[in-house]
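K.L.:
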Amino acid sequence: MPELPEVETTRRGVAPWLEGARVSGVVLRQPQLRWPVPPALARELPGRLVLAAERRAKYLLFRAEGDRTLMLHLGMSGSLRVLRAPRPPGAHDHLDLALESGCTLRFNDPRRFGSADWVAGDPLQHPLLRSLGPEPLGPDFTPDYLAAACRGRKVAIKQLLMNGRVVVGVGNIYASESLFRAGIHPARAAGRISRARLAALVAAIRDVLEAAIRQGGTTLRDFAWGEGQPGYFRMELAAYDRAGQPCRRCGGLIRAVVQGQRSTYYCPGCQH
DNA sequence: ACTGGATCCTGACTGC
DNA sequence: TGCAGTCAGGATCCAG
Numbered sequence: 092m093p094e095l096p097e098v099e100t101t102r103r104g105v106a107p108w109l110e111g112a113r114v115s116g117v118v119l120r121q122p123q124l125r126w127p128v129p130p131a132l133a134r135e136l137p138g139r140l141v142l143a144a145e146r147r148a149k150y151l152l153f154r155a156e157g158d159r160t161l162m163l164h165l166g167m168s169g170s171l172r173v174l175r176a177p178r179p180p181g182a183h184d185h186l187d188l189a190l191e192s193g194c195t196l197r198f199n200d201p202r203r204f205g206s207a208d209w210v211a212g213d214p215l216q217h218p219l220l221r222s223l224g225p226e227p228l229g230p231d232f233t234p235d236y237l238a239a240a241c242r243g244r245k246v247a248i249k250q251l252l253m254n255g256r257v258v259v260g261v262g263n264i265y266a267s268e269s270l271f272r273a274g275i276h277p278a279r280a281a282g283r284i285s286r287a288r289l290a291a292l293v294a295a296i297r298d299v300l301e302a303a304i305r306q307g308g309t310t311l312r313d314f315a316w317g318e319g320q321p322g323y324f325r326m327e328l329a330a331y332d333r334a335g336q337p338c339r340r341c342g343g344l345i346r347a348v349v350q351g352q353r354s355t356y357y358c359p360g361c362q363h
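Residues in the first sequence are numbered from 92 upward in steps of one, following my numbering.
1) Who are the near neighbours of A240 in its chain, counting only those whose CB is closer than 6 angstroms to its CB and skipping five residues on each side?
2) On the three-state DSSP scale, how would you describe V299?
3) In this structure, how does DSSP classify V105 when only helix, strand and coil are distinguished?
4) State buried or exposed for W108, treating a residue as buried only when at least 16 other CB atoms are found within 10 Å of its CB.
5) Ignore the nearest five residues each way along the sequence and tell me which others in Y357's own chain have a CB closer than 8 angstroms to its CB.
6) Check the C-beta distance from H363 over to G274 and give it rounded, since I have them as a contact under 8 angstroms.
7) With which residues is S170 paired in a DSSP beta bridge?
8) Once DSSP output is grouped into helix, strand and coil, what is the label at S354?
9) What does the Cβ neighbour count give for R245, buried or exposed, with the cut at 16 atoms within 10 Å?
10) Report the residue from G262, R340, E191 whose alpha carbon sits nearest the alpha carbon of E97.
11) Relative to the C-alpha of Q216, which residue among M162, V141, E99, A143 is closest?
12) Using CA atoms only, rank isn't needed, just tell me which of R197, R146, S168, L165 is closest to R366.
13) Within the same chain, show all residues whose beta-carbon is closer than 6 angstroms to that of T160, passing over the 5 residues directly before and after it, in chain order.
14) Note down, in chain order, each residue of its chain lying with its Cβ closer than 6 angstroms to the Cβ of T100, except the 5 sequence neighbours on either side.
15) Taking the straight line between their C-alpha atoms, what separation do you get for P180 and N199?
16) Would you call G335 buried or exposed, if buried means 16 or more other Cβ atoms sit within 10 Å of its Cβ?
17) So, does the segment 291-304 touch the segment 215-229, judging by three or more C-beta pairs under 8 angstroms?
18) Within its chain, find whatever has a CB closer than 6 angstroms to the CB of G138; leave out the 5 residues flanking it on each side and keep chain order.
19) Does G317 come out as helix, strand or coil in the three-state DSSP assignment?
20) Cα separation between A106 and E156?
21) Kindly give me the distance between the Cβ atoms of L119 and L186, rounded to whole angstroms, as I take these residues to be in contact under 8 angstroms.
22) Going by DSSP, which residues form a beta bridge with M162?
23) Can you name, in chain order, every residue of its own chain whose Cβ lies under 6 angstroms from the Cβ of L252, other than the five neighbours on each side?
Written out as structure tokens, the structure reads:
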């Protein structure tokens, strides 16, 4: 269930337990994730301190002693929990990090679209991270930047938003939601949107992601405490998954279409 | 250089 | 109730 807000929520939830903690053991039950998990992870991580829990795009970067980083991606169905006491693993619990404190960091991913890598050196130079676009909540994601990225492009704006080389972290839900907020039709060619409307889109993306992170924050404690996950953030989605339901702004019906094999939701009355 | 399509995998849900 | 078909919050790789 990882959109950028949820990856960030996960990072904030596990960081207090991980930063400054020493890993005592690694249990890898399923090395076949999106890519094979390198055996060096289980060999080299135990005994090291975790220095920092960071995020880039939807990747979690756990920096360890010795210039190494555990790089985790949650894929479509991955989740990360901190257990305060040992608990028998369930289905799809692929990876455990045992900490000297007695806590366990547990990675679960039914569909196995997630990944775990063990990286030497600067993880930001990793092939998967090197060519990524700016963080949507960072200083580089500006109207000028988006306008330059859209210039001359015929691709639908929704698909451009989901291209990690343009901007990271905007997944299928938030692409629909931010376009609804900005009043832009998801199929409109990126290069045929005025600068003013792209500026509104930048603001909409920021607003939606920040609101979702705030909602995720309310469940942080449960997450860190390792108790049942109570539904993560409950956003007031205006468009996503609301096909056939009335638009909250104009009362018209929300429509669903498929773009690039992904469902898109929009209001034909409000978005042009 | 861009763009669309196939692909990895399991589980939940729908309709017959 | 069983079973086939569809769809799912990602994103890389490859053909055209």
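Where is the CB? At the ideal position from N, CA and C, for every residue including glycine.
P.N.:
For this structure:
1) V257
2) helix
3) helix
4) buried
5) S267, L270, F271, H276, P277, A330, I345, R346, V348
6) 7 angstroms
7) N199
8) Residue state, collapsed to three classes: strand.
9) Correcting the residue identity first, residue 245 is Lys in this sequence and not Arg. Classification for K245: exposed.
10) G262
11) Of the listed residues, the one whose Cα sits closest to Q216 is M162.
12) There is no way to answer for residue 366, as the model of the chain reaches only from 92 to 363.
13) Only L152, R154, V210, P214 meet the Cβ criterion.
14) G307
15) Cα-Cα distance, rounded: 9 angstroms.
16) exposed
17) Touching, yes, given that three or more Cβ pairs across the two stretches are closer than 8 angstroms.
18) none
19) A caution first: G317 carries a pLDDT of 46, below 50, which makes its placement in the model unreliable, though a value can still be read off. Residue state, collapsed to three classes: coil.
20) 16 angstroms
21) Contact flag correct, Cβ pair sits at about 6 angstroms.
22) L152, D208
23) V261, A266
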